[in-house]
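Participant: When we follow the working numbering, the leftmost residue of the sequence shown carries the number 286, and every step to the right adds one. Beta carbons: idealized from backbone N, C-alpha and C, even for Gly.
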Amino acid sequence: MSLPDAVAKPVQHRISAHPRSETTLTARCMSVGCSWTLAPTADLRAADLAMMTHMGMRGHPTFARTFEDVALVRRLELNEGKREIPPLPAAGEEPQHERATL
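1) Can you round the beta-carbon distance between Phe352 and Leu310 to whole angstroms, since I take them to be within the 8 angstroms contact cut?
2) Taking DSSP as the reference, what is the three-state secondary structure of Thr311?
3) Give the DSSP bridge partners of Ser301, in chain order.
4) Check whether the stretch 295–311 and the stretch 319–335 are in contact - that is, three or more C-beta pairs closer than 8 angstroms.
5) So is His298 buried or exposed if we call it buried at 16+ other beta carbons inside 10 Å?
6) With distances taken between CB atoms, is the gap from Arg350 to Ala302 smaller than 7 angstroms?
7) Would you mind sorting Cys314 into buried or exposed? The rule is 16 or more other CB atoms within 10 Å of its CB.
Have a look at this one:
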(Lines of atoms letter the chains of each structure in order from A; the text may use other names.)
(Lines give C-alpha, C1' and ligand atoms only; values in the text may rest on other atoms or scores of the structure.)
Protein backbone atom coordinates (compact mmCIF):
# COMPACT_ATOMS: atom_id res chain seq x y z
CA MET A 286 0.00 0.00 0.00
CA SER A 287 1.44 3.36 -0.90
CA LEU A 288 0.93 6.59 0.99
CA PRO A 289 -0.56 9.56 -0.80
CA ASP A 290 1.81 12.32 -1.79
CA ALA A 291 1.96 15.15 0.70
CA VAL A 292 0.09 18.24 -0.35
CA ALA A 293 1.88 21.50 0.36
CA LYS A 294 -0.48 24.21 1.48
CA PRO A 295 0.66 27.82 1.67
CA VAL A 296 0.57 29.16 5.20
CA GLN A 297 0.41 32.86 5.86
CA HIS A 298 2.78 34.32 8.42
CA ARG A 299 3.33 37.73 9.92
CA ILE A 300 6.65 39.03 11.24
CA SER A 301 7.08 42.03 13.50
CA ALA A 302 9.22 43.28 16.33
CA HIS A 303 8.42 41.43 19.55
CA PRO A 304 6.27 43.83 21.58
CA ARG A 305 8.27 43.12 24.74
CA SER A 306 11.66 43.71 23.13
CA GLU A 307 13.66 46.85 22.62
CA THR A 308 15.40 48.01 19.49
CA THR A 309 19.08 48.59 20.16
CA LEU A 310 21.51 50.59 18.10
CA THR A 311 25.27 50.48 17.69
CA ALA A 312 27.29 52.83 15.52
CA ARG A 313 30.81 53.44 14.31
CA CYS A 314 32.44 56.38 12.61
CA MET A 315 33.31 55.71 8.98
CA SER A 316 36.06 58.35 8.73
CA VAL A 317 39.44 56.82 7.83
CA GLY A 318 41.58 56.29 10.92
CA CYS A 319 38.79 57.07 13.42
CA SER A 320 37.99 54.33 15.93
CA TRP A 321 34.94 56.02 17.54
CA THR A 322 32.15 53.55 18.29
CA LEU A 323 28.87 53.70 20.14
CA ALA A 324 28.11 50.89 22.58
CA PRO A 325 24.72 49.17 22.14
CA THR A 326 21.90 51.34 23.46
CA ALA A 327 18.11 51.28 23.42
CA ASP A 328 18.04 55.06 23.78
CA LEU A 329 17.87 55.99 20.09
CA ARG A 330 17.74 59.74 20.76
CA ALA A 331 20.90 59.53 22.88
CA ALA A 332 22.58 57.57 20.06
CA ASP A 333 21.68 60.30 17.55
CA LEU A 334 23.00 62.94 19.93
CA ALA A 335 26.27 61.01 20.42
CA MET A 336 26.84 60.84 16.65
CA MET A 337 26.00 64.52 16.19
CA THR A 338 28.35 65.41 19.05
CA HIS A 339 31.14 63.38 17.46
CA MET A 340 30.52 65.15 14.15
CA GLY A 341 30.58 68.54 15.88
CA MET A 342 33.83 67.79 17.72
CA ARG A 343 35.70 65.90 15.00
CA GLY A 344 33.97 66.90 11.76
CA HIS A 345 33.27 63.26 10.85
CA PRO A 346 29.84 63.13 9.17
CA THR A 347 29.39 59.46 8.20
CA PHE A 348 28.44 56.59 10.53
CA ALA A 349 27.56 52.94 10.06
CA ARG A 350 24.56 52.12 12.21
CA THR A 351 23.27 48.70 13.16
CA PHE A 352 19.77 48.28 14.56
CA GLU A 353 18.80 45.06 16.30
CA ASP A 354 15.47 43.84 17.62
CA VAL A 355 13.80 40.56 18.49
CA ALA A 356 11.49 39.36 15.72
CA LEU A 357 8.27 37.49 16.39
CA VAL A 358 6.92 35.28 13.58
CA ARG A 359 3.38 34.00 13.90
CA ARG A 360 1.38 31.66 11.72
CA LEU A 361 -1.83 33.55 11.12
CA GLU A 362 -4.16 30.56 11.01
CA LEU A 363 -2.71 29.00 14.17
CA ASN A 364 -2.84 32.27 16.09
CA GLU A 365 -6.28 33.50 15.04
CA GLY A 366 -8.06 34.82 18.06
CA LYS A 367 -5.02 34.26 20.32
CA ARG A 368 -3.67 37.33 22.04
CA GLU A 369 -0.90 35.52 23.91
CA ILE A 370 2.60 36.73 23.09
CA PRO A 371 5.42 34.30 23.87
CA PRO A 372 7.83 35.58 26.51
CA LEU A 373 11.35 36.74 25.75
CA PRO A 374 14.15 34.49 27.05
CA ALA A 375 15.61 35.67 30.35
CA ALA A 376 19.12 37.17 30.30
CA GLY A 377 21.67 34.39 29.91
CA GLU A 378 18.97 31.84 29.02
CA GLU A 379 19.33 29.97 25.74
CA PRO A 380 16.32 30.58 23.50
CA GLN A 381 14.26 27.55 22.57
CA HIS A 382 14.43 26.78 18.88
CA GLU A 383 11.69 25.06 16.98
CA ARG A 384 12.40 23.09 13.86
CA ALA A 385 11.74 25.13 10.77
CA THR A 386 9.67 23.52 8.06
CA LEU A 387 9.08 24.92 4.61
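Facilitator: Quick answer:
1) Here residue 352 refers to the residue found at position 67 when the sequence shown is read from its first residue. Here residue 310 refers to the residue found at position 25 when the sequence shown is read from its first residue. About 5 angstroms separates the CB atoms of Phe352 and Leu310; that is less than 8 angstroms, so the two are in contact.
2) Reading the sequence shown from its first residue, position 26 is the one you call residue 311. Strand at Thr311.
3) In the sequence shown, the residue the question calls residue 301 occupies position 16. Looking at the DSSP assignment, Ser301 forms a beta bridge with Leu357.
4) They touch, by the three-pair rule.
5) Residue 298 sits at position 13 when you count from the first residue of the sequence shown. The Cβ neighbour count for His298, taken over all protein chains shown within 10 Å, is under 16; the residue is labelled exposed.
6) For the purposes of this step, residue 350 is taken as the residue at position 65 of the sequence shown. For the purposes of this step, residue 302 is taken as the residue at position 17 of the sequence shown. It is not a contact, given that the beta carbons lie outside the stated cut-off.
7) Position 29 of the sequence shown, counted from the start, is the residue given in the question as residue 314. Classification for Cys314: buried.
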